[in-house]
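So the structure is just underneath, and the comments pick up after that.
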Amino acid sequence: MKAWLLKDFGLENLQLDDVPTPVPSAGELLVKVGAVSLNYRDKAIVDGLYEPAMIPKPLIPVSDAAGTVVATGTGVSRFKVGDRVNSTLYSRWIDGAPGPNEPDYCFGAPLPGGLAEYMIIHEESAVRAPDSMSDVEASTLPIAALTAWFSLMEFGKLQPDQTVLLQGTGGVSIFAAQIAAALGARVIATSSRDENLAKIKLLGAHEGINYRQRPDWDKAVLELTDGKGVDLLLDVAGGNGLNQSVAATKAGGLIAQIGFLSGLQATLDVIPLLFRQTTIRGIAVGHRASFERMNVFLNQHGITPVIDQVYSFGEACQAYAHLARGPFGKVVIKVAE
Ligand SMILES: NC(=O)c1ccc[n+]([C@@H]2O[C@H](COP(=O)([O-])OP(=O)(O)OC[C@H]3O[C@@H](n4cnc5c(N)ncnc54)[C@H](OP(=O)(O)O)[C@@H]3O)[C@@H](O)[C@H]2O)c1
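Sequential numbering from 451 applies to the sequence shown in my numbering.
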């Protein structure tokens, strides 16, 4: 089969090659890949910035994939040939609390990923792809959508009468705006660009704050919430901005710590955290059971993923370059025509 192989760090070392088509072992599915979508993680892996010591080389990269089961190993009972499935990032995290070593079994690094004509997924880690979505659409769900869903609904237990703040207009925040708005919650979005605030309002956000024009965006949030702050905040920026997130969240409120776009370290002012009794929870995408619940919700509410551009299988490097430029919506690579 044809597969893109990351032979060394750097986009120039991502190369299309011929490799043996994998054969499913007991409990595994052989899936003809329909489409994959890119996340910040995929780019960080190629750039050698994401846990470089745990990246095998060569690696078939990309964690988000959707396709059709074409063969099954012995003992498979959850799926049959012809079913459409999604990959899940944390391939062994089925439900409940995570195990201590979930990152060792991430699909797309260190395990081989989906940027190939065929991929192997264990039947326990596969999720049925929504019937209402094409493979191109479904390929956007495993990381960005599930992270948004898990943060809002499993951790945040967001209610329709509550307010949530979303940082930036990246893949996670766009899905979060769509999901929270469908639930009926009030959504405040931040962005560095007014045009992106206008776009995310069309998807359901009620108010927008330009965090370049308002570097004191936490105060802008308090102005919009009668000085109280939001019930739930999805923090994709990380770094010392976490102190502003604490300030923008109500007393007893919740912060889902998702990303690290502005820094891998944070110097946290402890006293405001204590006074406000804030809960900060690290988020690692989500488990399979949550993915399945999310798909029911997406279907019920007719939520369609926002896709910026679809590339062909041969254009994988252009797709990575597009991700680096900052799309509005997901960047997808259509593997099977
Ligand atoms: N923990 C997890 O499970 C998990 C899962 C998915 C993603 N992540 C992480 O979450 C982050 C976002 O992921 P993504 O896929 O949504 O990325 P993305 O699509 O690349 O989003 C990037 C957007 O984030 C916004 N941004 C950048 N710096 C910001 C800042 N200082 N304050 C507020 N917004 C800022 C920008 O929005 P504007 O252009 O509108 O300003 C930018 O367009 C990444 O760090 C990613 O690695 C973590």
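Positions of the beta carbon are idealized from the N, C-alpha and C atoms, including for glycine. All values reported here derive from a predicted model rather than from experimental measurement.
If you check the C-beta of L711 against ligand 1, you find a heavy atom less than 6 Å away. The Cβ neighbour count for N489, taken over all protein chains shown within 10 Å, is at least 16; the residue is labelled buried.
For N646, the number of other beta carbons within 10 angstroms of its own is at least 16, and it is reported as buried. Cβ contact annotation for L672 (same chain, cutoff 8 Å, sequence separation greater than five): K678, G679, A697, A698, in chain order. Taking the CA atoms as reference points, A595 sits about 8 Å from G621. Buried is the label assigned to H737, since at least 16 other Cβ atoms lie within 10 Å of its Cβ.
The beta carbon of R662 sits closer than 6 Å to those of S642, all from its chain and outside the five residues before and after it, given in chain order. The beta carbons of A576 and V535 sit about 4 Å from each other, so the pair counts as a contact at 8 Å. Only buried fits M569, as 16 or more other CB atoms lie within 10 angstroms of its CB. Annotation for Q617 indicates a beta carbon within 6 Å of some heavy atom of ligand 1.
Only residues of its own chain outside the window of five on either side were considered, and among them F459 have a CB closer than 6 Å to the CB of G498, listed in chain order. Checking the DSSP bridge columns, you'll see F557 partnered with L561.
Proximity to P553 across Q727, G564, T538 peaks at T538, based on C-alpha coordinates. Excluding sequence positions up to five before and after L704, its CB lies within less than 6 Å of the CB of G606, L682, T729, all in the same chain and listed in chain order.
Counting other Cβ atoms within 10 Å of its Cβ, D668 reaches 16 or more and is therefore classed as buried.
Listed as beta-bridge partners of H751 by DSSP are no residues whatsoever. CA-CA distance, Q617 to T590, rounds to 19 Å. Of P665, P610, T640, L684, the smallest CA-CA separation from A631 is found for P610.
Annotated as distal: P506 and P470, with beta-carbon spacing of 7 Å or more. With respect to the C-alpha of K493, the residue from P511, G654, S541 having the closest C-alpha is P511.
The alpha-carbon of N745 is positioned some 10 Å away from that of P592. Within 6 Å of the C-beta of N660 there is not a single heavy atom belonging to ligand 1. Cα atoms of A701 and A655: separation of roughly 23 Å, rounded to the nearest angstrom.
In the three-state scheme derived from DSSP, where H, G and I count as helix and E and B as strand, R578 is classed as strand. The nearest non-hydrogen atom of ligand 1 is 6 Å or more from the C-beta of S487.
A distance of 7 Å or more separates the beta carbons of A579 and A503. Contact between K780 and P755 holds: CB atoms are separated by about 6 Å, below the 8 Å threshold. For Q768, the enclosing alpha helix (DSSP H) has its first and last residue at 766–775.
In the three-state scheme derived from DSSP, where H, G and I count as helix and E and B as strand, S537 is classed as coil. Put simply, the backbone Cα of T597 is about 18 Å away from that of G549.
Fully contained in the stretch 461–518 are the following alpha helix (DSSP H) runs of length 4 or more, in chain order: 490–496. Short note on Y500: C-beta not closer than 6 Å to any heavy atom of ligand 1.
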